[in-house]
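Residue numbers (UniProt numbering): 1 to 381. The beta-carbon is built from N, C-alpha and C at its ideal position, and this holds for glycine as well. Being a predicted model, the structure only gives us computed values, none of them experimental. Notes follow the structure.
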């Protein structure tokens, strides 16, 4: 068995991201095919407890303590560091070790794993806090919410399981602004949630498309660009392209935008008419998956009205296959429904949305294997 496991490790190490994902999916299918009904029930019904234990681990800074040393740590040592009761700590450590978050090396003695090192990062700790504190209660309310609404596909961002969970009538993004701790977790998680994966800059042929430029013309508008990471990455990859690069978002977000000498900012609500006219590229990353079709259509129409004859709209979003959606993408789709009455769109749904907004797709270039992150190059019909 060990030889077989090592062979799989070598195959994953030597393969690219697609190969690695394929191996993980194959191992998951293998597990599903050989587990007993009891195994299946135990696995699914305790998933929420795993997240709760990780949340406790974050609160106690357990993953940081393990990451700070190469030596195993005992329950007594960790009790001194965390001020937590030794008996309780032994129980939670054994549970974390049981699903690989840490490793048990001896009686009441533990050390780190690759998962421990992942969760010693503050951004991934923020992910745990975000999914437990904000997404978790919303998910718990989803069955009740759907039953009350007769299992209709949610279409109102102010009426989702999130509103039911937190007793609010505000849409999620507005409500989050009243919850500074939760918003902080969400924003920190977003800054690194796709670290190490390919990006739009790896696949889109900007040099081929960058015609009609001038120093006075806006080159690249990052619509709803948040803190500006994508715009800065674009500017640094293509310093030779003429024109201005601008990040657009609401004022409270831009107040925290990253500073870059060659990237400007402009306050913009994308539900209002686009104020920058005639730019070469209007880039929208992960905007439309946050909104139902009626809202997405408004954003698109506001962008269309600002286009020059040679302008291009670049939509950086997931384009799900019409058949065979990967589980990682499918769970994000359900999460968007749960909290935003939005969706991750299939290819057919994208074509329908864009056609309804008077647009057509020139090309779709996919750059991640499981999530199907893609660049849609879009122009008016």
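Out of the options, which one is the CA nearest neighbour of residue i?
i	options	result
residue 189	122, 341, 158	122
residue 385	12, 35, 33	Residue 385 lies beyond the stretch modelled for the chain, which goes from 1 to 381, so this question has no answer here.
residue 330	300, 356, 373, 161	373
residue 143	128, 39, 165	165
residue 61	32, 48, 21, 102	102
residue 321	296, 334, 350	350
residue 312	282, 178, 358, 74	282
residue 18	379, 381, 367	367
residue 239	210, 16, 254	210
residue 343	191, 365, 288, 50	288
residue 179	134, 192, 138, 169	134
residue 251	244, 237, 266	266
residue 296	36, 30, 169, 156	156
residue 129	8, 357, 55, 336	55
residue 205	363, 3, 34	363
What is the rounded straight-line gap between the Cα of residue i and the Cα of residue j?
i	j	result
residue 141	residue 257	34 Å
residue 107	residue 98	14 Å
residue 52	residue 246	40 Å
residue 136	residue 46	14 Å
residue 303	residue 90	57 Å
residue 369	residue 345	16 Å
residue 259	residue 160	36 Å
residue 264	residue 81	45 Å
residue 174	residue 290	13 Å
residue 126	residue 65	17 Å
residue 386	residue 6	Only positions 1 to 381 of the chain appear in this structure, which leaves residue 386 out of reach.
residue 354	residue 371	21 Å
residue 214	residue 203	24 Å
residue 261	residue 232	10 Å
Take residue i and list the residues in its own chain whose beta-carbon comes closer than 6 Å to its own, dropping the five residues that flank it on each side.
i	result
residue 200	316, 375
residue 278	308
residue 172	162, 339, 340
residue 93	110
Is any heavy atom in the ligand SAH found nearer than 7 Å to the beta carbon of residue i?
i	result
residue 65	Judged by which ligands are present, the structure shown has none, so any question about the ligand SAH falls away.
Which residues in the same chain as residue i place their Cβ atom closer than 7 Å to its Cβ, once the five residues preceding and following it in sequence are excluded?
i	result
residue 305	273, 274
residue 96	53, 57, 102
Here's a check: name, in chain order, each residue in its chain whose Cβ is nearer than 8 Å to the Cβ of residue i, leaving out the five neighbours to either side.
i	result
residue 79	85, 86, 89
residue 67	112, 116, 117, 120
residue 333	320, 325, 343, 344
Original post:
If you pair each beta-carbon of the stretch 141-151 with each one of the stretch 212-223, do three or more pairs fall below 8 Å?
Top reply: Taking 8 Å as the limit for Cβ pairs, the verdict is that the stretch 212-223 does not touch the stretch 141-151.
**OP:** Would you list, in sequence order, the uninterrupted alpha helix (DSSP H) runs of no fewer than 4 residues that lie entirely inside the stretch 247-325?
**Re:** Runs found: 251-254, 293-304.
**OP:** Pick out the complete beta strand (DSSP E) segments inside the stretch 185-239, 3 residues or longer, and give them in chain order.
**Re:** Taken in chain order, the complete beta strand (DSSP E) segments of 3 residues or longer contained in the stretch 185-239 are 218-222.
Original post:
What are the uninterrupted segments assigned as beta strand (DSSP E) that are 3 or more residues long and contained completely in the UniProt domain "O-methyltransferase dimerisation" (52-120), given in chain order?
Top reply: 103-106, 109-111
Original post:
Would you call the stretch 261-272 and the stretch 221-240 in contact, with 3 or more CB pairs under 8 Å?
Top reply: yes
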